[in-house]
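For reference, the structure discussed in these notes is given below.
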Amino acid sequence: MDMKVEHAYQRSIETVANWIQTELNSSKTQIFFRTYSPLHFRGGDWMTGGKCHLETLPELGSSLSPSDSWDIVKIANSVLSAHLNTSEALKVEVLNITHMTAQRRDGHSSIYYQDPKKGPAPLHRQDCSHWCLPGVPDTWNELLYALFLKHVMTSSCNSSRF
230 MDMKVEHAYQ
240 RSIETVANWI
250 QTELNSSKTQ
260 IFFRTYSPLH
270 FRGGDWMTGG
280 KCHLETLPEL
290 GSSLSPSDSW
300 DIVKIANSVL
310 SAHLNTSEAL
320 KVEVLNITHM
330 TAQRRDGHSS
340 IYYQDPKKGP
350 APLHRQDCSH
360 WCLPGVPDTW
370 NELLYALFLK
380 HVMTSSCNSS
390 RF
């Protein structure tokens, strides 16, 4: 199968959106979509020389260089917007973590993803796509919790009106 990652991602989101529309009762279900989490390989990719082990500070600049992750976010936004603009619109809360996560190039496990007894991984096998705990995923959980609280507060305000 010859398919680009972007096209596969678009098809997967469309499939999920269609499934949600046909299979879920949106009046009884809260739907959350977390946007793409960017990679931070420098000088290559996984097992091709990509590195992130010397990243010790977050990206402090206000402008981040464009990357494949921004194209992925555009795809997600366009697919979700197309489904949200229908008469039977999905009620989807988007948890947009892409930009803030892009700033945390220092939050990957890099060469320290193995069992501590084995020691650091070889430099040519760094993990610059998964995240350390505690850290970035904890922030995603806090944002998700805030959305839950927002729904609870909105529901209680609406139900207390006459």
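Once you know that position 126 of the sequence shown is 355 in our numbering, the rest is easy, because the numbers rise by one and skip nothing.
A virtual CB, placed ideally from N, CA and C, is assigned to each residue, including glycine.
So, is residue i buried or exposed, given that buried needs 16 or more other C-beta atoms within 10 angstroms?
i	result
L309	buried
H337	buried
S339	buried
V381	exposed
Thinking just about the alpha-carbon of each residue, which of the options is nearest to the one in residue i?
i	options	result
I326	V365, S307, G348	V365
L373	V323, A311, I242	V323
I304	Y342, T264, E288	T264
F377	E288, K346, V321, I301	V321
F262	L268, N370, T277	N370
P287	E243, Q332, H328	Q332
Looking at the strands, I want to know which residues DSSP matches up with residue i.
i	result
D356	S339
F261	E322
K280	R271
Going by beta-carbon coordinates alone, are residue i and residue j separated by less than 8 Å?
i	j	result
C281	C361	no
D231	E284	no
A237	H312	no
Less than 6 Å between C-beta atoms, sequence neighbours within five positions excluded: which residues of the same chain meet that for residue i?
i	result
F391	Low confidence applies to F391: its pLDDT is 47, below 50, so where it sits in the model is not reliable, and the reading given next is rough at best. Hits under 6 Å: none found.
Could you pull out every residue in the same chain whose Cβ sits closer than 7 Å to the Cβ of residue i, ignoring the five residues on either side in sequence?
i	result
R271	G279, K280, C281
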